[in-house]
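In the working numbering, the protein residues as written are 550 to 855.
For each residue, glycine too, the CB sits at the ideal point set by N, CA and C.
Since this is a predicted model, take the numbers as computed values, not measurements.
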């Protein structure tokens with residue numbers, strides 16, 4: 550195909566052979582064999598060079614398109630091998646999109662791999678793990694522990710501090726730091742355990758360590774859904790600090806004195822997954838999270854007003 554296009558472009562087998570870095574007789578033989586294989590005549594031999602036949606002129610645009618597709622195939626394959634092209638389907642556990650380090654990591658990845666497209670989906674940890682098993686998600690940022698861990702490769706990302714959300718006008722609104730025993734009489738708004746058993750249990754364990762048995766109030770449909778319920782005056786809630794990014798009217802956020810729970814995040818991929826593009830993103834994500842954890846709270850959440 551390449552020989553056919555080169556001869557057509559130059560109108561001469563002699564010049565085409567020079568362009569291709571080969572002798573003229575082998576090139577003439579290749580063209581004849583190509584014509585025999587196709588069962589058509591591609592060139593009219595003339596005293597000075599060659600000219601496309603009508604059939605050759607009809608086929609030449611298709612030949613160019615095939616060669617371009619071949620080139621694009623090669624470029625894509627090489628890009629995939631380097632982790633520079635492709636598509637990543639990224640799943641995010643509840644409230645994770647509000648964590649500033651996530652867009653920072655995505656931006657860092659985009660800087661070195663601008664031809665990679667990313668699609669994001671927010672869900673809960675069990676659903677994200679199921680999506681990984683079904684190969685409908687490539688990477689998931691989850692709240693461990695994960696179901697069926699043997700089929701997944703899971704690595705720690707960070708431990709996010711938590712804060713307590715109070716309805717505006719609460720008796721402790723003016724207190725910058727609050728211990729959990731100070732809200733022992735307030736209903737605790739929490740999400741269902743199956744949506745994030747690790748974080749759910751960490752909250753209840755922190756209450757227990759503070760010597761308090763919480764009064765369980767209204768359940769929120771998801772982690773971020775606790776804030777509107779607090780704003781409605783239905784109780785208090787312990788949430789990841791990133792939820793301070795939600796500027797919901799009627800809610801104030803306060804530091805929790807120790808023992809304070811942590812909202813742990815991990816990154817999960819399928820065991821045995823060997824796509825370079827995925828490995829490259831995970832490496833950048835982990836590096837960005839390590840650097841972010843070293844930053845001051847003011848630098849981590851510059852716009853939270855916390």
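- Residue environment analysis places residue 762 among the exposed positions, since fewer than 16 neighbouring C-beta atoms fall within 10 angstroms of its C-beta.
- Exposed is the label assigned to residue 626, since fewer than 16 other Cβ atoms lie within 10 Å of its Cβ.
- Counting along the chain, the unbroken alpha helix (DSSP H) around residue 587 starts and ends at 573–587.
- Counting along the chain, the unbroken alpha helix (DSSP H) around residue 623 starts and ends at 603–631.
- Only exposed fits residue 578, as fewer than 16 other CB atoms lie within 10 angstroms of its CB.
- Excluding its 5 nearest sequence neighbours in each direction, residue 668 has C-beta neighbours in its own chain below 6 Å: 638, listed in chain order.
- Contact check for residue 674 against residue 680 fails: the beta carbons are separated by 8 Å or more.
- Using a 10 angstroms sphere on the CB of residue 834, the tally of other CB atoms reaches 16 or more, which defines it as buried.
- In the DSSP secondary-structure assignment, residue 704 is bridged to 816.
- Distance from the Cα of residue 699 is smallest, within the candidate group 840, 820, 838, 759, for 820.
- When DSSP assignments are scanned along the stretch 686–730, no uninterrupted stretch of alpha helix (DSSP H) that is 4 or more residues long falls wholly within it.
- Residue 711 is classed as buried because its beta carbon has at least 16 other beta carbons within 10 Å across all chains shown.
- Here residue 803 is buried, its C-beta having at least 16 other C-beta atoms within 10 Å.
- In the three-state reduction of the DSSP assignment, residue 784 falls in the coil class, being assigned neither a helical nor a strand state.
- Using a C-beta cut-off of 8 Å, the stretch 778–797 makes contact with the stretch 709–725, since at least three inter-stretch Cβ pairs fall below that distance.
- Counting along the chain, residue 647 sits inside no beta strand (DSSP E), nor does DSSP assign it H or E at all.
- Here the alpha carbon of residue 689 sits roughly 6 Å from the alpha carbon of residue 677.
- Under the three-state reduction of DSSP output, residue 795 falls in the coil class, being neither helix nor strand.
- Taking residue 654 as reference, the option from 816, 825, 845, 822 with the minimal CA-CA separation is 816.
- When 701, 670, 757, 564 are compared, the shortest CA-CA separation from residue 682 is found for 701.
- Here residue 622 is exposed: its Cβ has fewer than 16 other Cβ atoms, across all protein chains shown, within 10 Å.
- Counting along the chain, residue 597 sits inside no alpha helix (DSSP H), nor does DSSP assign it H or E at all.
- At a cut-off of 4 residues, the continuous stretches assigned as alpha helix (DSSP H) that sit fully inside the stretch 741–791 are 746–758, 775–780.
- 831 is the residue among 846, 831, 849 whose C-alpha sits nearest the C-alpha of residue 659.
- Ranked by Cα distance from residue 828, the first of 572, 630, 807 is 630.
- Ranking 565, 615, 693, 599 by CA distance to the CA of residue 812 puts 693 first.
- The criterion of a C-beta distance shorter than 8 Å is not satisfied by residue 591 and residue 550.
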